[in-house]
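Chemist: Going by full-length UniProt numbering, the sequence shown opens with residue 253, and the numbers climb by one from there. Below are the structure tokens for one structure; questions will follow.
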Amino acid sequence: TMGGYPDFMAKEIAEQPEAIERLLKDRLGPDGVRLDELAMTDEEIAAIDRIFIVACGTSYHVGLIARPLIEEWARIPVAVEPASEFNYEDVLVTDHTLCIIITQSGETADTLASARKMHAAGAKVLAVTNVIGSSAAREADGVLYVQAGPEVSVASTKAYTAQMVAAELIALFLAQRNGNLGAREVARRFHELQRVPAMIREVLHRSWQDEAAARAFVESSSALFLGRGLNATTAAEGALKLKEISYLHAEAYPAGEMKHGPIALIDPGFPVVVICPDDRVRYKTLSNIQEVKARGATVVTVATDGDQKTAQLSDYLLLVPAAPEYLVPIVAVVHLQMLARYVALARGCDIDKPRNLAKSVTVE
Ligand code: M6R
């Protein structure tokens, strides 16, 4: 049941801190991150030549977040593909290739077909899923359950953030097992991850910021989402949420690519959401805010607490607590989930059952 919430999406957004706490519970042992369910020996991990992450929709976005982290921490090359593309490609697979499928429902037909294709080619398949005993769980060689609890709303929220945490655990696990990160560094990052639930609770208390910012979208027919690095993906996820439940056209772009085309869209009042946390590319993203501002855009910015400069340039601010770069996508997206929901409410849309969509897509 909805337990006093107006819709399942509201409930599931609110459940994110507990979901992540559950996932992190008892995951740090004396030897580092414990992921026994992945069932891989140190020899197998050391021999991995490449990882394919295959998924659809929001779960695909989790893969995009995971890629640079696995590459940076575990130094293993990673390719991320939407399953519906991957299945028709001639991919390079060896016995040492690892395939990670990410699927909340565990029933997405394209993703399951990818797992079969990889198995047939000799790769090992790991599934990250939320549903116990799902097809993905049964077909994979190892399963990491994200334990987010049932997700009813078609728009995925708590599964997205929990899957990102799961992906970061996998990245830490691989890095520790193949010797690229020492036990102390793994433990330090794990303890940082444990701060995420509190940071999300803080963002949940700021839902009034999203409710206010929703006004910028209600009368418009289109919106642009911009971000850099990991938050180019946060932008993509924000745009997907908005499209899915408010039926507003939304497009995401890596912020620096904007001047290569989409900036032509900007006219006075055009809503632009910019993910601009305090990270190593902040000053570059700030210049993108100035560019769209100069053309009259209404700017909604996700920024870090205390960032005066960004505040001055923004029409609406969605503030997040200061956090290491690899945690920002998990925290920042919560604002974009709430923003999409408020826009959809204002436009009178069905929050949990948007038109034309089903919770899991069981046809290829
Ligand atoms: O169950 P899955 O994670 O395999 O589902 C994949 C997509 O269909 C799903 O994430 C979809 O994009 C969501 N409705 C987005 O909110």
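Cβ coordinates follow ideal geometry from the N, Cα and C atoms, glycine included. Keep in mind the model is a prediction, meaning the values are calculated, not measured.
At which residue ranges does the region 365-395 contain complete beta strand (DSSP E) runs of 3 or more residues, listed in the order of the chain?
Modeler: Taking only runs of at least 3 residues, the beta strand (DSSP E) segments lying wholly in the region 365-395 are 376-381.
Chemist: What's the gap between the Cα of M254 and the Cα of A546?
Modeler: 44 Å
Chemist: Does at least one heavy atom of the ligand M6R sit under 6 Å from the Cβ of V470?
Modeler: no
Chemist: Within the chosen definition, does the region 330-345 reach the region 303-311 through at least 3 CB pairs nearer than 8 Å?
Modeler: yes
Chemist: Report the rounded CA-to-CA distance for T360 versus V615, giving the unit in angstroms.
Modeler: 8 Å
Chemist: Is it the case that the CB of C308 approaches a heavy atom of the ligand M6R more closely than 6 Å?
Modeler: yes
Chemist: Three-state secondary structure (DSSP) at Y257?
Modeler: coil
Chemist: What separation, rounded to the nearest whole angstrom, lies between the Cα atoms of A372 and F338?
Modeler: 14 Å
Chemist: Does the ligand M6R have even one heavy atom less than 6 Å from the beta-carbon of T614?
Modeler: no
Chemist: Less than 8 Å between the CB atoms is what I'm expecting for I354 and V395, so what's the real figure, rounded?
Modeler: Not quite, the Cβ-Cβ distance comes to about 12 Å (not below 8 Å), so this is no contact.
Chemist: Quick one: Cα of W460 to Cα of D567, how far?
Modeler: 15 Å
Chemist: Starting from V583, trace the alpha helix (DSSP H) both ways and give me its first and last residue.
Modeler: DSSP places V583 inside the alpha helix (DSSP H), whose first and last residues are 580-598.
Chemist: If you pair each beta-carbon of the region 398-413 with each one of the region 266-277, do three or more pairs fall below 8 Å?
Modeler: yes
Chemist: Within 10 Å of its beta-carbon, does T409 have 16 or more other beta-carbons around it, so buried, or fewer, so exposed?
Modeler: buried
Chemist: Would you kindly work out how many angstroms separate the C-alpha atoms of V526 and A464, rounded to a whole number?
Modeler: 16 Å
Chemist: Any chance the CB of Q589 is under 6 Å from a heavy atom of the ligand M6R?
Modeler: no
Chemist: Measure how close the beta-carbons of residue 209 and L591 come, nearest whole angstrom, since I'm counting them as under 8 Å.
Modeler: Absent from the model: residue 209. The displayed extent of the chain is 253 to 616, so no value can be given.
Chemist: For L478, count the other beta carbons within 10 Å of its own beta carbon; 16 or more makes it buried, fewer makes it exposed. Which is it?
Modeler: buried
Chemist: Are M451 and A575 close, meaning C-beta to C-beta below 7 Å?
Modeler: yes
Chemist: If you compare alpha carbons, which of Q446, G431, S405 is closest to L275?
Modeler: Q446
Chemist: Taking 6 Å as the cut-off, is the C-beta of A407 nearer than that to any heavy atom in the ligand ZN?
Modeler: Questions concerning the ligand ZN fall outside what the structure shown contains, since the ligands it does hold are the ligand M6R.
Chemist: Go ahead and pull the three-state DSSP assignment for A504.
Modeler: strand
Chemist: In this structure, how does DSSP classify T413 when only helix, strand and coil are distinguished?
Modeler: The three-state reading of DSSP puts T413 in helix, counting H, G and I together.
Chemist: So is the beta-carbon of Q356 under 6 Å away from any non-hydrogen atom of the ligand M6R?
Modeler: yes
Chemist: Check whether the Cβ of S366 sits closer than 6 Å to any heavy atom of the ligand M6R, and report yes or no.
Modeler: no
Chemist: Indicate the three-state DSSP secondary structure (helix, strand or coil) for A555 in the structure shown.
Modeler: strand
Chemist: Classify T614 as helix, strand or coil using the three-state DSSP reduction.
Modeler: coil
Chemist: Do L492 and L500 come within 7 Å of each other at the CB atom, strictly closer than that value?
Modeler: no
Chemist: Can you tell which of L517, P523, A487, A516 has the C-alpha that lies nearest to the C-alpha of A507?
Modeler: A487
Chemist: Here's the rule: buried if 16 or more other CB atoms are within 10 angstroms of the residue's CB, otherwise exposed. What is L609?
Modeler: exposed
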